Amino acid sequence: MNKVFLIGNLTKDPELSTTNNGVKFCKFTLAVSRNYSKDGKRETDFLNVVVWRAQADNCARYLKKGSKAAISGSIQTRNYDANDGSRRYVTEIAADEVQFLSTKNEEERDELDDVDFDALRPIDEDLPF
Numbered sequence: 000m001n002k003v004f005l006i007g008n009l010t011k012d013p014e015l016s017t018t019n020n021g022v023k024f025c026k027f028t029l030a031v032s033r034n035y036s037k038d039g040k041r042e043t044d045f046l047n048v049v050v051w052r053a054q055a056d057n058c059a060r061y062l063k064k065g066s067k068a069a070i071s072g073s074i075q076t077r078n079y080d081a082n083d084g085s086r087r088y089v090t091e092i093a094a095d096e097v098q099f100l101s102t103k104n105e106e107e108r109d110e111l112d113d114v115d116f117d118a119l120r121p122i123d124e125d126l127p128f
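For the sequence shown, numbering that gives the first Met the number 0 begins at 0 and goes up steadily by one.
Here you go:
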């Protein structure tokens, strides 16, 4: 069985691309914190994630650097020949599902802090009952 579940934050904005066959895919890196180690410091792993087709469009549209996301999928490995002739190996998470746990960046949250919600509230004396 090859199944992973991860919750973490994106380290940069997702990158949307298309294969030669026209299939869309989205890549991003997820920072996932480990349990505390023996010396009391929390370590973080940076895991490459790839998402395909319609879910790739959604990830590119709604996720940003710093967004928190939950991923379920599987671990896959692949290899290729680099320009210098060496063999390169890549391990990544092929996501089957992506749940957006937060999508607003700090600027959007700060904009809400500036809104005067009391001014938007209707005045009771204008109500007919």
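Ideal Cβ positions, reconstructed from N, Cα and C, are used throughout, including at glycine.
Please read these numbers as outputs of a predicted model, since none were measured by experiment.
Here residue 43 really is in contact with residue 30; their C-beta atoms are around 5 Å apart, less than 8 Å. With at least 16 other beta carbons inside 10 angstroms of its own, residue 70 counts as buried. In this structure, residue 28 places its C-beta atom within 8 Å of the C-beta atom of residue 47. According to DSSP, residue pairing for residue 50 in a beta bridge involves 25. According to DSSP, residue pairing for residue 43 in a beta bridge involves 32. Rounded to whole angstroms, residue 55 and residue 65 show a C-alpha spacing of 18 Å.
If the five residues before and after residue 35 are omitted, its C-beta is found closer than 8 Å to the C-beta atoms of 41, all from its own chain and listed in chain order.
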